[in-house]
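Q: If you count the sequence shown from 1, you need to add 2 to reach the working numbering.
If you scroll down you'll find the structure; I have some questions about it.
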Amino acid sequence: MGAELRDSHGRVMRDLRVSITDRCNFRCLYCLPETEEAANFYRTRFDALRNPKPPAPVPIHREWKPRSELLSYEEITRIVQVAAALGIQKVRITGGEPLLRQGVDGLVSSIARIPGIQDLALTTNGALFADKAQALRQAGLQRVSFSMDSLDPANFRRMTGRDGLASVLSGIRLARDLGFDPVKVNAVVIRGMNDHEVPELARFARQERLSLRFIEFMPLDSSRSWQKELVVPGREILERLRQSFTLSPVDASTNPSETARRWTVDGGPGEIGIIAPVSEPFCGHCNRLRITADGKLRTCLFSLEEHDLRPLLRGGGADDDIARLLIEKVAGKEAGHRIGQADFQQPARTMSCIGG
Ligand code: SAM
Ligand code: SF4
């Protein structure tokens with residue numbers, strides 16, 4: 003067998019997430035809030051319980067990477083080719099909002115042709131999906147995941163900073179009609195913001211034959227407003243769902259690296275999943291790597307260190323040099339995140355830059 007991406011804990015990397023832009027047309031509170039007021043909304047609420055003095059506002063500081071620093075599609079394709087030769091089988095294109103970048107279908111068709119890539123997916127907020135859906139499908143995109151945290155237009159706006167619910171809903175239905183399978187919908191659950199919508203979101207998954215995953219809020223927001231009180235633990239989400247529905251577990255034994263535990267709702271069709279990285283970490287089975295839009299390799303969502311691939315890509319490095327760097331850095335992959343530990347440090351970059 004050839005070289006592979008094996009870390010010092012025995013995990014072998016199969017899944018590569020590639021961010022193609024750090025920009026976004028949404029301003030989700032838990033990722034990239036638009037205003038200080040939005041950024042401080044939940045901080046103020048929960049601090050008020052402990053400390054009647056209002057906290058100092060967090061200044062919004064946002065800088066997009068200049069175009070010249072972003073990897074070109076040719077550079078991304080080259081990295082994926084090298085990674086595929088080292089055993090990467092799944093690729094997810096993400097961002098920021100990946101559909102803000104022109105010509106994503108061209109990138110999809112290049113990656114889809116790489117030998118060894120068995121699964122090619124995209125994560126999007128859905129606002130621009132309808133216009134690009136057909137081209138993406140024809141280019142070879144197999145799966146698409148949408149982010150949708152609320153079915154209530156006003157709450158959707160509060161959480162994303164945009165009036166986008168109607169276009170996201172039509173994007174989701176179009177994806178299903180075009181044959182993307184499964185169509186996944188991700189909902190980040192935040193206490194006091196959208197946790198009351200959990201049953202309605204599960205009902206929607208059943209009615210629309212979707213795979214809807216509830217995700218715990220992670221400390222990766224640009225305003226650093228994350229507090230553990232705001233996390234609705236996966237088991238609490240499950241208890242709430244059990245009050246309204248009959249949930250039957252979906253067997254995941256074929257894929258131990260699956261991040262979601264899944265159930266059918268009232269016999270299906272459609273299913274719900276719970277992704278609980280904070281309360282029930284799944285780091286022991288992690289087989290994922292990430293490349294940021296500006297060409298940095300990250301071995302964990304919560305890595306404090308990044309490894310720059312651009313000097314090799316732009317300085318005449320050979321494919322073997324890129325392969326060596328991947329092998330060497332994967333060997334040092336972190337055992338797991340340290341959320342909740344006394345020494346936890348939030349990474350400098352946010353989810354919108356790292357690529358979810
Ligand atoms: N813009 C696209 C979207 O929203 O689907 C792709 C990028 S977004 C960073 C990828 C995923 O990360 C989304 O499903 C989003 O809900 C999730 N995400 C962002 N910030 C998060 C946080 N602080 N905790 C948990 N999930 C988060
Ligand atoms: Fe944009 Fe996605 Fe972050 Fe929302 S979660 S601000 S849509 S990158």
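For every residue, glycine included, the Cβ atom is placed at its ideal position computed from N, Cα and C.
Nothing here was measured: the structure is a model prediction, and the numbers come from that model.
Is it buried or exposed, L306, if we count other Cβ atoms within 10 angstroms and call 16 or more buried?
A: For the purposes of this step, residue 306 is taken as the residue at position 304 of the sequence shown. Burial call: exposed.
Q: Below 6 Å CB to CB, which residues in the same chain sit around D107 once its five sequence neighbours on both sides are set aside?
A: Numbered from its first residue, the sequence shown carries residue 107 at position 105. Cβ neighbours of D107 beyond the five flanking positions: A137, L138 and A141.
Q: I need the straight-line Cα distance from V267 to L167, nearest angstrom please.
A: Here residue 267 refers to the residue found at position 265 of the sequence shown. Here residue 167 refers to the residue found at position 165 of the sequence shown. Looking at the two C-alpha atoms, the distance is approximately 23 Å.
Q: Comparing alpha-carbon positions, which option in Q348, E99, V14 and I329 lies nearest G286?
A: By one-based count along the sequence shown, residue 286 stands at place 284. Nearest of Q348, E99, V14 and I329 to G286, Cα basis: V14.
Q: Report yes if the C-beta of F28 is less than 6 Å from at least one heavy atom of the ligand SF4; otherwise report no.
A: Numbered from its first residue, the sequence shown carries residue 28 at position 26. Yes, the Cβ of F28 comes within 6 Å of a heavy atom of the ligand SF4.
Q: Relative to the alpha-carbon of R16, which residue among L34, V93, L203 and F28 has its alpha-carbon at the smallest distance?
A: Position 14 of the sequence shown, counted from the start, is the residue given in the question as residue 16. When only C-alpha atoms are compared, the closest one is V93.
Q: On the criterion of 16 or more Cβ atoms from any shown chain inside 10 Å, does S250 qualify as buried, or is it exposed?
A: For the purposes of this step, residue 250 is taken as residue 248 along the sequence shown, with counting starting at 1. So S250 ends up on the exposed side.
Q: In three-state terms, what does DSSP make of A189?
A: The residue labelled residue 189 in the question sits at position 187 within the sequence shown. A189 falls in the strand class under three-state DSSP.
Q: Pair every Cβ in the stretch 25-39 with every Cβ in the stretch 307-325, then say whether three or more of these pairs are closer than 8 Å.
A: Counting Cβ pairs under 8 Å, fewer than three are found: no touch.
Q: Rank I81, A177 and G89 by C-alpha distance to the C-alpha of A320 and give the top, closest one.
A: The residue labelled residue 320 in the question sits at position 318 within the sequence shown. Checked all of I81, A177 and G89; the closest Cα to A320 is I81.
Q: CA-CA distance, I274 and S147?
A: Residue numbering aside, residue 274 sits at position 272 when the sequence shown is read from its first letter. Residue numbering aside, residue 147 sits at position 145 when the sequence shown is read from its first letter. Cα to Cα, the separation comes out at about 13 Å.
Q: If I measure Cβ to Cβ from A123 and keep anything under 7 Å in the same chain, skipping five residues before and after, which residues do I get?
A: The count along the sequence shown starts at 1 and reaches residue 123 at position 121. R94, Q144, R145, V146 and S147, listed in sequence order.
Q: Rounded to whole angstroms, what's the CA-CA distance from I276 to R103? Just pull it up for me.
A: Translated into the one-based positions of the sequence shown, residue 276 becomes position 274. Translated into the one-based positions of the sequence shown, residue 103 becomes position 101. Cα-Cα distance, rounded: 30 Å.
Q: Is it the case that the CB of S354 approaches a heavy atom of the ligand SF4 more closely than 6 Å?
A: As a working mapping, residue 354 is identified with position 352 in the sequence shown. At least one heavy atom of the ligand SF4 is nearer than 6 Å to the Cβ of S354, so yes.
Q: Whole alpha helix (DSSP H) runs in the stretch 178-238 with 4 or more residues, listed along the chain?
A: Correct list: 200-210.
Q: Touching or not, the stretch 150-167 and the stretch 181-196, by the rule of three or more beta carbon pairs under 8 Å?
A: These segments touch.
Q: Taking 6 Å as the line, does the beta carbon of G166 fall inside it for any heavy atom of the ligand SAM?
A: Taking the first residue of the sequence shown as position 1, residue 166 is located at position 164. Because no heavy atom of the ligand SAM lies under 6 Å away, the Cβ of G166 does not count as near it: no.
Q: Given that a residue counts as buried once 16 or more other Cβ atoms are within 10 Å of its Cβ, and exposed if not, what is N289?
A: Along the sequence shown, read from residue 1 onward, the residue named residue 289 stands at position 287. N289 comes out buried.
Q: Report the partner residues of R2 according to the DSSP bridge assignment.
A: This structure does not reach residue 2, given that the chain is present from 3 up to 358, and the question cannot be answered.
Q: Please list, in chain order, all residues of the same chain as A114 whose beta carbon is under 7 Å from its beta carbon, the five residues on each side excluded.
A: For this step, residue 114 is matched to residue 112 along the sequence shown. Only L122, A141 and G142 meet the Cβ criterion.
Q: Given W66, which residues of its chain have a CB within under 7 Å of its CB, disregarding the five upstream and five downstream residues?
A: The count along the sequence shown starts at 1 and reaches residue 66 at position 64. Around W66: D24 and R25.
Q: If you reduce the DSSP assignment to three classes, tell me which class V14 lands in.
A: By 1-based counting over the sequence shown, the position of residue 14 is 12. Strand.
Q: For the stretch 129-173, which segments carrying the beta strand (DSSP E) assignment without a break, of at least 3 residues, lie completely within its bounds, in sequence order?
A: Whole beta strand (DSSP E) segments, 3+ residues: 145-149.
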